[in-house]
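Notes follow once the structure below has been shown.
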Amino acid sequence: MSRINEEQVRYVANLARLSFDDDAIKKFTTQLDDIIGFAEQLNELDTEGIEPTTHVLDMHNVMRDDVVEPSLPREEALKNAPVQEDGQVKVPLIMEAD
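Given below as structure tokens:
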């Protein structure tokens, strides 16, 4: 039983703005199905009494104090921007309006 189909792979590829030929879609469908199968094997493990973890090592974030410092002047920050508009960097549209 397949856990993912080619239509779903095409849909996700489209969301990521990726284009693949039919052979690549078939290959990715098989690979993703295998990955999902491996992940499902974890459901078979007895995890009763095991504390959830986010990392195998006991780690914590070390953060510096948030200190206000002068920033670059706008002209300096924009000097290498290929396209500018109204004092801001202009970038290509990446989301389509409905």
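Its first residue numbered 36, the sequence shown is counted upward by one per residue in the numbering used here.
Cβ atoms here follow ideal geometry from the backbone N, Cα and C, with glycine treated the same way.
In this text, all values refer to a predicted model and were calculated from it rather than measured experimentally.
Can you tell me which of Leu92, Pro127, Ala48, Ala116 puts its alpha carbon nearest to the alpha carbon of Leu67? Ala48
Burial state of Thr64, where buried means 16 or more other Cβ atoms lie within 10 Å: buried
Assign Glu79 to one of three DSSP states: helix, strand, or coil. helix
CA-to-CA distance, Lys114 to Ala196, given in whole angstroms: Since the first residue of the chain shown is 36 and the last is 133, residue 196 is not available in this structure.
Would you please verify whether the beta carbon of Gln123 is less than 8 Å from any beta carbon of chain D? Of the protein chains in this structure there is only one, and it is not chain D.
Per the DSSP calculation, Val124 is bridged to which residue(s)? Gln119
At the level of alpha carbons, what is the spacing between Leu53 and Val124? 25 Å
Work out the CA separation of Glu110 and Pro127 for me, nearest whole Å. 21 Å
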